[in-house]
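What follows is a single structure, written as structure tokens, with notes after it.
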Ligand SMILES: NC(=O)c1ccc[n+]([C@@H]2O[C@H](COP(=O)([O-])OP(=O)(O)OC[C@H]3O[C@@H](n4cnc5c(N)ncnc54)[C@H](O)[C@@H]3O)[C@@H](O)[C@H]2O)c1
């Protein structure tokens, strides 16, 4: 691959410098250094260990996708703030590791291993909340995929190509249905189980769904991700109406590139797919948020930056917010 193509590919997904550099280290770093930023004043990311003591004391919260990335960080911070956490993930060992880390630090946590695209997983998560902690107060429906490959599998573009993002005329039904199974069906099944419990309790509640900039706008070369994340936001709006009478608030957060294993994987797949792409491809238009463009390192959002918004929306401080489709995207969707 030409060096300029690698730079273009790695600039994709809002120049996710730190994580994409792990996949294409030298080229990514050279690309970012060459491009530079235009900040006169740099914005410092918040302390990743910041938390608000006691904010969720006595509350029970389900977090899907708790094995790694944003879900892991959300689960750990919730527990530090006093919540009982029910983690859900289909990567068993990493999910169990998050659970063990919380308990080793003195927090309350249980882990449910399973696929969010199966109703049994959603029902088991709610049952675990009730049997372990007596009730369910909130949820962060965060599990998501950008392609149809199992999240725990290493990148192998040639082998995984039929399941990887592609423009519609090249996309397979399997890619479409696997992405929809996790992102759209998974969100529906989780919300259904959570809302059934919250309605029965009649004590209110709060749900935060994790969308994406792909739920607010198009993203070149990734039709199933875009359509499924629009579905997440549609479900969010609909549930906000139906469950307001029960005191249940439903909002979504919609980030651009955030420094997690998913974005590292996407960067590697983009770099590989560009070798053979002939038409529109992932990242072939618009590559950076406002803040990534300005930052000297073109940094993506940190996990902590996203988790702070998720927890705010879940908390009583956000009492008047429902049906909100919040862009947490460094300005990506504002231009
Ligand atoms: N990282 C980004 O740049 C970015 C940008 C926009 C939106 N998002 C969204 O944020 C959410 C979290 O992503 P992340 O970046 O932390 O990714 P990640 O891959 O690091 O973590 C996602 C977690 O969800 C789990 N998961 C995925 N599908 C599952 C399934 N069917 N059943 C059970 N568990 C499943 C994975 O195993 C993983 O632990 C996703 O919904 C993603 O679409 C991420």
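Numbering (the numbering used here), first residue to last: 2 to 336.
Beta carbons are placed, not taken as given, at the ideal position from N, Cα and C, and that holds for glycine.
This structure is a prediction, so every number in the text was calculated from the model and none was measured.
Nearest-angstrom beta carbon gap, residue j and residue i [assumed within contact, 8 Å]
| i | j | result |
| --- | --- | --- |
| residue 293 | residue 259 | Actually they do not touch by this definition, with Cβ atoms about 11 Å apart. |
| residue 192 | residue 142 | 7 Å |
| residue 41 | residue 165 | Between residue 165 and residue 41 the Cβ distance is about 40 Å, and since that is not below 8 Å, they are no contact. |
| residue 99 | residue 68 | 6 Å |
| residue 288 | residue 39 | Their Cβ separation, rounded to whole angstroms, is 15 Å, which puts residue 288 and residue 39 out of contact at 8 Å. |
| residue 65 | residue 117 | 5 Å |
| residue 176 | residue 225 | 6 Å |
| residue 212 | residue 239 | Rounded, the Cβ-Cβ distance is 14 Å, inconsistent with contact. |
| residue 281 | residue 221 | 6 Å |
Nearest to residue i (by Cα), restricted to the options the options
| i | options | result |
| --- | --- | --- |
| residue 188 | 51, 135, 63 | 63 |
| residue 92 | 145, 221, 161 | 145 |
| residue 130 | 88, 163, 166 | 88 |
| residue 86 | 334, 175, 111, 328 | 111 |
| residue 147 | 261, 309, 197, 114 | 261 |
| residue 136 | 272, 61, 333 | 61 |
| residue 195 | 185, 212, 178, 126 | 126 |
| residue 161 | 273, 199, 321 | 273 |
| residue 401 | 231, 300, 333, 257 | Any property of residue 401 remains undetermined from this structure, which presents the chain solely from 2 to 336. |
| residue 284 | 208, 120, 168 | 168 |
| residue 241 | 206, 53, 257, 124 | 206 |
| residue 186 | 232, 138, 171 | 232 |
| residue 139 | 97, 101, 158, 197 | 197 |
| residue 121 | 90, 153, 298 | 90 |
| residue 181 | 304, 119, 314 | 119 |
| residue 77 | 53, 54, 97, 103 | 103 |
| residue 155 | 200, 115, 45, 267 | 267 |
| residue 246 | 314, 278, 199 | 199 |
| residue 97 | 134, 81, 128, 73 | 73 |
Cut-off 6 Å between Cβ atoms - residues of its own chain near residue i, not counting five sequence neighbours on either side
| i | result |
| --- | --- |
| residue 326 | 234, 253 |
| residue 316 | 56 |
| residue 237 | 210, 251, 253 |
| residue 223 | 166, 283 |
| residue 343 | Since the displayed the chain opens at 2 and closes at 336, residue 343 lies outside it and no answer follows. |
| residue 257 | 15, 214, 290, 330, 331, 333 |
| residue 115 | 122 |
Neighbour-count burial assignment, residue i, 16 or more Cβ in a 10 Å radius
| i | result |
| --- | --- |
| residue 17 | Per-residue confidence for residue 17 stands at a pLDDT of 36, beneath the threshold of 50, marking its modelled position as unreliable; no derived number is given. |
| residue 312 | buried |
| residue 203 | exposed |
| residue 336 | exposed |
| residue 276 | exposed |
| residue 24 | For residue 24, the pLDDT reaches just 33, beneath the cut-off of 50, and the residue's location in the model is therefore unreliable, although a value from the coordinates is still provided. By the neighbour-count rule (16 or more Cβ atoms within 10 Å), residue 24 is buried. |
| residue 229 | buried |
| residue 286 | exposed |
| residue 265 | buried |
| residue 184 | buried |
| residue 328 | buried |
| residue 318 | exposed |
| residue 123 | buried |
| residue 132 | exposed |
| residue 106 | exposed |
| residue 201 | exposed |
| residue 80 | buried |
| residue 178 | exposed |
| residue 44 | exposed |
Simplified DSSP assignment, three categories, for residue i
| i | result |
| --- | --- |
| residue 227 | helix |
| residue 88 | strand |
| residue 261 | coil |
| residue 112 | strand |
| residue 18 | Because the pLDDT of residue 18 is 35, which lies under 50, any placement of that residue in the model is unreliable, and the question is left without a value. |
| residue 321 | coil |
| residue 163 | helix |
| residue 40 | coil |
| residue 313 | helix |
| residue 211 | strand |
| residue 199 | helix |
| residue 51 | coil |
| residue 256 | strand |
| residue 106 | coil |
| residue 58 | coil |
Own chain residues within Cβ distance below 7 Å of residue i, not counting five before or after
| i | result |
| --- | --- |
| residue 309 | 47 |
| residue 95 | 68, 69 |
| residue 58 | 83 |
| residue 263 | 70, 147 |
Residue i CB to nearest heavy atom of ligand 2 below 7 Å
| i | result |
| --- | --- |
| residue 296 | Ligands displayed in this structure: ligand 1; ligand 2 is not among them. |
Residues near residue i in its chain [Cβ-Cβ closer than 8 Å; skip 5 each side]
| i | result |
| --- | --- |
| residue 219 | 227 |
| residue 75 | 64, 67, 141, 143, 308, 311, 312 |
| residue 291 | 331, 332, 333, 335, 336 |
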